[in-house]
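Numbering (mature numbering (1 follows the signal peptide of the UniProt record, and there is no 0)), first residue to last: -23 to -1, 1 to 821.
Only one structure is covered here, and it is reproduced in the block below.
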């Protein structure tokens, strides 16, 4: 019996040993498969050895790879740079992901993946929770198989070229919390199946070409906090069931073809903070309940056909609230409801009567029917409107039937006409004289710039008042909260004393690190307002994120930004080394090129995607902020403004042969032209190439001396000369040295003394993204260096090739405008400074 027991025990031990051995063998096999899949992914994406070293364990040494128990569960290649060969033919080649069956997260945002999303993705990656493919250049439709990813929580496909309709199958993603399909070319209807996504908190399908009605089923999304359907072709009315979205914080339905009345059920949106319904065809009254919403801080109902009255309510004041009701047909008298808001734009309506005291400081009132107020509609227009409506009109306070003053007899009229003609002729002569004098003065003084107002930026509409359309972007912060975060603005938290405000760092209660910029509200220039206005109309990942504002104090205003761990470029280019030798650690070349491309992306957006174009006017190392991964965020935005369009005055000046200043530096001012930004960016590039801190922030006279000492060593025909000025701390191989050389050549082109010969920023961006094409005849290292056909091909031809395409943001006219020629070229880079231009530097 004992022997039998021993045998049985030995048998169970053997089984246990066999099972462990089998599991270990399976685990080893699984790891081998995982490693093979990752190596294949590395090859298909063309990633660099620096990020994914081929001989290392992906789970241990590969950047952005996360593992659990030997299995890859997360892959993040966002913003990675490819090898030179990998850049030649990028595509959506991620087939090896099919073997990573336990993958939970895949983030390839900002990595070029041209092509369609493969259908197998929805069948093989069943464990996937996060799929982020923003800014990847994806084309084609969304495969319906995505609906099989039952564990998916976040799906980001924005800023691509996705076409086709939104698949009904997405309604099967019952755990989905974020769905972002914005800024694509998606067509068709919004599928009603999306109404079954009960966990959804963010739905953004804005800036597509959707049509049809808004499905009522979207009113079932009770957890929805942000809904953005703007800039589509949606029609019909807004479902009344939207009033039941009690969790909704942001609702944007702007720039569609919606009509009808806003449902009174909107009064149930108790958590709503931002409502944007501008540029539609809404009619009737604005629901009284909207004015009573306790958290509503921004409402833009401009450019509709609302024709009701303001409610006669007395509500608690909300100093930070901004309402824009301009460009409608509101009428009647102003009421005390305006005491609720901090600012309201009522321009281009038909309000009448006297203007109450409480409205004078909080409202823009142009182009209405108010009595005793300038810039109003005329009597005929106002009386006609109220007559058609069958409503009484106060006739500007004049007795009924009062007409305009009558003229005298014919003889008197003739005398008046003759006298007016003489005065007119004299006035014309005087005007010409004044014009000549002003042109002579303006050719030597700082040109007048234009603030970014409601009529600027993408998709903006014109308003009639300087303060119209001001949007308090971001969250409101209390002054005590800011005070606590910065330690009572302790000097230890002082970052710098900038020209636009004093900058402090701080930490909020939740541990969130912030930057606080303090403005003097009584200064000559309202920089706080300029930056708020800028952020209300412009949004891009390359701009420093604005978190909120604090406007409680009368003498001081505060803006709160996201903290940038790496500071600015001026402090990061050469950092104190943490080692014992206390030496300096310089940024490597790959990081410097990454920063240059990031700045170019931000400026290219301002110059070529904003309508009208915007000028930064303060491009220097100190305004280039860097996050923890050295991603660029442009700061110092208080100088930003609309580009000047003074080409006509320049022509007149040349006609009158007045002295012309061809270079902004010589005038000593920051001109409001895109070419000035290009010039300043050229100095930044020189700073990155030479490592000489302060080039981009140098004064005019110093800049001239620096350029005279550096530019002669930059030649597209001689790489060896450039080695004299290159930063000695840079350690680069031949390929990378060619990239440094290319950046120097691009910098020289940006610094051309003649603004009209500087390249547009979108071409500078292309040159930096393909630096070897600047200094090589081809894109491969086997070709001989020294020729420059791709560079010398004149960027004007490339600019002409881009004209006429109807693309958003293409400038027309002026120095950056499309040329009349229709010649086409594959060149992606501008021409360099010529010999005659180098001589001009010496002459100036």
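All residues carry an ideal CB built from backbone N, CA and C; glycine is no exception.
Here the stretch 58 to 68 does not lie against the stretch 93 to 105, with fewer than 3 beta-carbon pairs under 8 Å apart.
Of the candidates 617, 403, 567, the residue whose Cα lies closest to the Cα of residue 504 is 617. Taking the C-beta atoms as reference points, residue 227 is found no nearer than 7 Å to residue 248. C-alpha of residue 405 to C-alpha of residue 318: approximately 46 Å in a straight line.
Within the same chain, Cβ atoms closer than 6 Å to the Cβ of residue 174 are found at 153, the five residues on either side in sequence being excluded.
Under the DSSP assignment, residue 667 falls outside any beta strand (DSSP E), being part of the alpha helix (DSSP H) whose first and last residues are 651 to 667. Residues of the same chain with a CB within less than 6 Å of the CB of residue 229, apart from the 5 flanking positions on each side, are 205, 207, 253 in chain order.
Given a length threshold of 4 residues, each whole run of the alpha helix (DSSP H) inside the stretch 230 to 275 is given here in chain order: 265 to 269. If only uninterrupted beta strand (DSSP E) runs of at least 3 residues are considered, those enclosed by the stretch 63 to 110 are 82 to 84, 107 to 109. Setting aside the 5 residues that flank it on each side, residue 612 is surrounded in the same chain by 521, 600, 602, each with a C-beta closer than 6 Å to its C-beta; the list follows chain order. Residue 329 is bridged by DSSP to 346.
By the CB criterion at 7 Å, residue 89 and residue 67 fall inside the cutoff.
For residue 217, same chain residues with a beta-carbon under 7 Å away, outside a window of 5 residues either side, are 240, 242 in chain order. The C-beta distance from residue 571 to residue 607 rounds to 6 Å, short enough to fall under 8 Å.
Residue 346 and residue 410 have their C-alpha atoms roughly 38 Å apart.
Residue 456 counts as exposed, since fewer than 16 other C-beta atoms from the protein chains shown sit within 10 angstroms of its C-beta. Residue environment: residue 264 is assigned as buried (16 or more neighbouring CB atoms within 10 Å of its CB, all protein chains considered). For the 7 Å CB-CB criterion, residue 14 and residue 53 do not form a contact.
When beta bridges are read from the DSSP output, residue 282 appears opposite 260.
For the pair residue 527 and residue 454, the CB atoms are nearer than the 7 Å cut-off.
One thing to note: residue 85 has its Cβ within 7 Å of the Cβ of residue 110. For residue 572, the enclosing alpha helix (DSSP H) has its first and last residue at 566 to 581.
Per DSSP, reduced to three states, the secondary structure at residue 47 is coil, with no helix or strand assignment. Within the DSSP secondary-structure output, residue 535 pairs in a beta bridge with 495, 527. Put simply, the backbone Cα of residue 652 is about 8 Å away from that of residue 733.
Residue pairing by DSSP puts residue 277 in a beta bridge opposite 253, 301. Taking 7 Å as the cut-off, the Cβ atoms of residue 748 and residue 719 count as close. Shown here for residue 8: same chain residues with a beta carbon closer than 7 Å to its own, the five before and five after excluded, namely 47 in chain order.
Per DSSP, the unbroken alpha helix (DSSP H) holding residue 504 starts and ends at 504 to 514.
With a minimum length of 4 residues, the unbroken runs of alpha helix (DSSP H) contained wholly in the stretch 708 to 738 fall at 711 to 727.
Spatial neighbours of residue 549 in its own chain (CB-CB distance under 7 Å, excluding positions within 5 residues in sequence) are listed in chain order as 543, 564, 603.
The continuous beta strand (DSSP E) containing residue 203 extends over residues 203 to 205. Listed in chain order, the non-local C-beta contacts of residue 169 below 6 Å within the same chain comprise 192, 194, local neighbours out to five positions each way being set aside.
Its Cα nearest to that of residue 271, the residue 293 stands out among 258, 293, 279.
Of the other Cβ atoms in all chains shown, 16 or more fall within 10 Å of the Cβ of residue 578; this residue is therefore buried. Ranked by Cα distance from residue 523, the options 737, 473, 286, 513 are led by 513.
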